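Sequences listed follow chains P and U, in order.
Its first residue numbered -8, the first sequence is counted upward by one per residue in this note's numbering.
Its first residue numbered -8, the second sequence is counted upward by one per residue in this note's numbering.
Number of protein chains: 2
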Amino acid sequence: MSAEQKRADPKSITPQSEDFDRWYVDTVLRAELADYAPVRGCMVIRPYGFALWENVQRALDDMIKRTGHSNMYFPMFIPESFFAKEADHVEGFAPEVAWVTHGGGRELEERLAIRPTSETIICTLYRDWIHSWRDLPVKINQWANMCRWEKRTRLFLRTTEFLWQEGHTFHATDEEAGGEVSEMLGCYRELAEEWLAIPVIPGRKTESEKFAGARYTESIEAMMADGWALQSGTSHHLAQNFTRAYDITYSDRANTLQHPFQTSWGLSTRIIGGVIMVHGDDRGLVLPPRVAPVQVVVVPIVRSNDPEGTALVEDAVRRIQAEAGSSVRLRVDDREGMRPGEKYAEWELRGVPLRIVVGAKDLAGGQVTLVRRLDGEQRTTPLDGLAAQLPGLLEETQHALRARAQQRLEERSVDVASLDELVAAFAERPVFASGPFCNDPACEVRIKAAVHALTVRVLRADRSADGAPCLACGKPADHVALFARAY
Amino acid sequence: MSAEQKRADPKSITPQSEDFDRWYVDTVLRAELADYAPVRGCMVIRPYGFALWENVQRALDDMIKRTGHSNMYFPMFIPESFFAKEADHVEGFAPEVAWVTHGGGRELEERLAIRPTSETIICTLYRDWIHSWRDLPVKINQWANMCRWEKRTRLFLRTTEFLWQEGHTFHATDEEAGGEVSEMLGCYRELAEEWLAIPVIPGRKTESEKFAGARYTESIEAMMADGWALQSGTSHHLAQNFTRAYDITYSDRANTLQHPFQTSWGLSTRIIGGVIMVHGDDRGLVLPPRVAPVQVVVVPIVRSNDPEGTALVEDAVRRIQAEAGSSVRLRVDDREGMRPGEKYAEWELRGVPLRIVVGAKDLAGGQVTLVRRLDGEQRTTPLDGLAAQLPGLLEETQHALRARAQQRLEERSVDVASLDELVAAFAERPVFASGPFCNDPACEVRIKAAVHALTVRVLRADRSADGAPCLACGKPADHVALFARAY
């Protein structure tokens, strides 16, 4: 069945158990979060998906400002010569770059990269703006579109063009830069856990997985409902790799020229894919209340042959709206020509946390019906005082979602002490396996080869190996690594 | 003097009277609103300039949502074949397009335009999403970066890459689309007048100046401090020009296929240039309080040989901060190693509406000194109750700025009845001249030739010619046109 046909058929979400990938695409398209664009590997973010992204943005932007960063905007075009100065960086990104070669009707003298990330243009500019220790730290951020020419693309998770924020900072000392890397990973963790109800595992990437040009990369990893991992935000310690390559210097307090230490960190629209895959079920999206574009939907049940009951229902709906005010994001679905059941299914598909059904029968007893999307729990409740309870009910849902995701993460996590145990752990289904790891690239290769599509996600920040033998080579290991299949 | 040297020299703002263009560039660079990027025609928006843009964005985004529009996001890449379908549009924009020809290490089969505006990609997508009268109206908006390969560029006013919002709507009827065009121009007018304190003249563009592919374009025009005009926001009635070219149809209530009517409207970072050029003076920026990143700056005067006085000053500053809370955007400038006069000059350059100077001498009498950026008015005022007065004082400044701009507009506006009068009106200095105009393209050419660099800004929406003779051909005219030199 084509994507086009699927969208037309209201019953066509593939069950998760049948095909998780198809479930994901069906849900994104049918909930109208996004759609394929007729441009290779690109997507359109539709109003419902964009409203979700705006809520995520607002939460993260507040944290970015709270921690002392300012937003600014750099050009999307990067001349090839600037791009090429840091050797590891250009080697890592060049294969994914899109190039502008013509502008204003002429061939350009130098071709321009569409930014795949902005370290190179930012370093070129800050070379002129950083002179003295008084100019440090520099702590800036931008929200922007990026382009990476990916071979295989997936809605939200990997698209040729994507939206993100990228923070860039310069510091006088190595330690201060290291603190920044951790602080911003902490913001990502707060966003994931407190706003998106997604528990995450923080840690450091191996050498083969770190950002091209970084000394090291820290990441948060989340478990999707199918047991696969999603890298959900990364924070890089760039040391002096770029500031040396771009010759950025400042005079320290002793009037000696120094290269500052640098960080960068980014979180993208890919996180929306995480929200979908962590919380969704066979009826579609389940959105965390704190970022849901619509938190409460009110469905009035009116009958054309019952004008008196209809008037009562309409009064009750107006009362709920008035009493709720702006305390919750509430929408009344009074569309005509649709059966209530169709409306219920649509708002379930779209993941709205709470549904209030207002009918004449319930109202006769002063009641309405309240349905929770999370688990379908349904109960009648007095109309009196309902609106005042909504914020609390939404918070309950937020916590319940987080607890459910946490429980899954724990149930599908295993500790392994050897390659055989690792293979056995993945025999039945994808899991998060943790085990001692020496961080030798050769061991990484062996481990990845032992289980199909396996990757080392992170060297866990929350666990220590205490010299237990590396599960690949048996030498004493410093790290507990997280092994998983990943999007 | 190079731009680089100018930035280093704190006294180097060229006076407006000496060279307005240099004054503008000096102010933008020295106030650190933006800087030239090392990429042809591009700029970097620095934190202070971006915070100003964010405040403008928030005000306008609220209006866009209040009027029933949703934000979404479309790809920045437009395949050449999509771009080319509407003949006038492609003719108008093709010369300014930047082309991506290579991606992922290969030459592309079809080159991709970087969007100069998004009608073509949006129509391509909405062709699949609009089917029935129930799908209308579609009212959407996006905030995005655009690229137009301009020959001459100026910071904020005209750059190869720029930021804007572009609204796009589809309607069942011609009239409804016309209402949308007016409503959104009204939002731009509200933004300019109520938030930016810039009085504007609304009207319709002539055929030669309208958007490529539109039936007509409405615009708001503002007068800068040098008497030149700035087109500050445009709203286009696209009729069925694109919906026919892109074959977008819907079934109306009688089940007949129809092409919807379409509008688009945009406002860009160019408006920041307007804020600078309307309100600024020889000391730099003067920002309207409602959008100023910093509304009130507090400068404590402390002396190392007066610990007791210093303690009093620090207490008073903490009290102002605590009492003001989040009612105003307040910053305390307690930087060490800078003389108060340097701080005053810097915050004046940056256009902060109010300055509070807190010194031991004033405090002995329970007073602080308050200085208004708008006119330099300075007075002592009791510390008691000061914080509560700040929002009101900022509103006063907002209104005074608007009144000053309105007064200038009136003083430099003239009515003309003939070409000779038009020429005479511009003999001394640039003005806004209004006169009867028949809207014949031949007359437009004659009028533009009569005065160097003159343009027809708009056919004024607020004036009628009542059949007075066109100042070029003498035939009865329907319109009063606004003639001015323009950025």
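The beta-carbon is built from N, C-alpha and C at its ideal position, and this holds for glycine as well.
Quick caveat, the model's predicted, so the values are computed rather than measured.
Next item on the list: Please confirm whether any heavy atom of the ligand COA lies closer than 7 Å to the CB of Gly376(P).
Entry: Ligands are entirely absent from the displayed structure, and the ligand COA is therefore not among its contents.
Next item on the list: Show which residues of chain U have a CB atom less than 7 Å away from the CB atom of Tyr117(P).
Entry: Near Tyr117(P) there are no residues of chain U at all, since even the closest Cβ is about 10 Å away, more than 7 Å.
Next item on the list: Note down, in chain order, every chain P residue with its Cβ under 8 Å from the Cβ of Pro86(U).
Entry: Gly95 and Gly96
Item checked: Opposing strand residues paired with Leu450(U) [DSSP bridges] -> Arg195(U) and Ala472(U)
Next item on the list: Under 6 Å Cβ to Cβ from Pro280(P), same chain only, skipping five residues before and after it: list those, please.
Entry: Gln286, Pro344, Leu385, Thr388 and Gln389
Margin query: Within the continuous beta strand (DSSP E) that includes Trp140(P), where are the two ends?
Written below: From DSSP, Trp140(P) is part of no beta strand (DSSP E); its letter is neither H nor E.
Note to self: For Ala230(P) and Tyr241(P), what's the separation of their Cα atoms in angstroms?
What the structure shows: 15 Å
Note to self: Suppose only complete runs of 4+ residues qualify. What are the alpha helix (DSSP H) ranges in the segment 348 to 407 of chain U, listed by chain order?
What the structure shows: 351 to 355 and 377 to 402
Note to self: I'd like to know if Tyr241(P) contacts chain U, where contact means its C-beta is closer than 8 Å to some C-beta of that chain.
What the structure shows: no
Notebook entry, point to check: Distance, Cα to Cα, Glu101(P) vs Tyr64(U)?
Noted result: 30 Å
Next item on the list: With Gln222(U) as the anchor, note down where its beta strand (DSSP E) starts and where it stops.
Entry: Ala220 to Ala230
Note to self: Is there a C-beta anywhere in chain U that falls below 8 Å from the one on Ala28(P)?
What the structure shows: yes
Note to self: Between the alpha carbons of Phe11(P) and Leu221(P), how many angstroms are there, rounded?
What the structure shows: 14 Å
Item checked: For Glu157(U), the residue or residues it bridges with in DSSP -> Gln133(U) and Gly257(U)
Note to self: I believe Arg320(U) touches Pro284(U) by the beta-carbon criterion, under 8 Å. Please report the beta-carbon distance rounded to the nearest angstrom.
What the structure shows: 7 Å
Item checked: Nearest-angstrom Cα separation, counted from Phe84(U) out to Ser123(U) -> 31 Å
Item checked: Euclidean distance between Cα positions of Ala459(P) and Leu450(P) -> 14 Å
Checklist line | Exposure label - Val269(U); buried when at least 16 CB within 10 Å | finding: buried
Checklist line | Cα-Cα separation between Thr164(U) and Asp325(P), rounded to whole angstroms | finding: 24 Å
Check: Leaving out five residues before and five after Leu187(P) in sequence, what residues of the same chain have Cβ atoms less than 6 Å from its Cβ?
Finding: Val266 and Pro279
Margin query: I need the boundaries of the alpha helix (DSSP H) containing Arg102(P), first residue and last residue.
Written below: Counting along the chain, Arg102(P) falls outside any alpha helix (DSSP H), though it belongs to the beta strand (DSSP E) covering Arg97 to Ile105.
Item checked: Chain-ordered chain A contacts of Cys33(U) [CB-CB under 7 Å] -> Protein chains in the displayed structure are P and U, and chain A is not among them.
Margin query: Closest to Val289(P) by C-alpha separation, out of Trp256(P), Glu337(P), Gly271(P) and Gln253(P), would be which residue?
Written below: Glu337(P)
Next item on the list: Taking Ser61(U) as the query, report the chain P residues whose CB atoms sit under 9 Å from its CB, ordered along the chain.
Entry: Arg37, Pro38, Tyr39, Phe41 and Ala42
Margin query: Quick check: the segment 406 to 420 of chain P against the segment 185 to 199 of chain P, are at least 3 beta-carbon pairs closer than 8 Å?
Written below: no
Next item on the list: Give the DSSP-derived three-state secondary structure of Arg(-2)(P) in the structure shown.
Entry: For Arg(-2)(P), the pLDDT reaches just 47, beneath the cut-off of 50, and the residue's location in the model is therefore unreliable, leaving the point undetermined.
Next item on the list: Inspect the beta-carbon positions of Ser109(P) and Ala42(U) and report whether they are closer than 8 Å.
Entry: no
Note to self: Taking its Cβ as the centre, do 16 or more other Cβ atoms sit within 10 Å of Ser223(U), making it buried, or is it exposed?
What the structure shows: buried
Note to self: Counting only beta-carbon separations shorter than 8 Å, does Leu103(P) have a partner in chain U?
What the structure shows: yes
Notebook entry, point to check: Name the DSSP bridge partner or partners of Glu481(P)?
Noted result: Since the first residue shown for chain P is -8 and the last is 478, residue 481(P) is missing from the structure and cannot be characterised.
Next item on the list: Buried or exposed for Ser(-7)(P), please, with buried defined as at least 16 other CB atoms from any protein chain shown within 10 angstroms of its CB.
Entry: Residue placement at Ser(-7)(P) is poorly supported in this model, since its pLDDT is 45, which falls under 50; the coordinates still yield a value, given next. Per the 10 Å Cβ criterion, exposed.
Item checked: Presumed contact (8 Å Cβ cut-off) between Ala456(P) and Ala468(P), rounded CB distance -> 4 Å
Check: Taking one C-beta from the segment 142 to 156 of chain U and one from the segment 172 to 192 of chain U each time, how about it: are there three or more such pairs within less than 8 Å?
Finding: no
Notebook entry, point to check: What does Glu45(P) reach in chain U if we use C-beta pairs closer than 8 Å?
Noted result: Asn62
Checklist line | CA-to-CA distance, Val323(P) to Val88(P), given in whole angstroms | finding: 46 Å
Note to self: Check whether the segment 296 to 305 of chain U and the segment 358 to 370 of chain U are in contact - that is, three or more C-beta pairs closer than 8 Å.
What the structure shows: no
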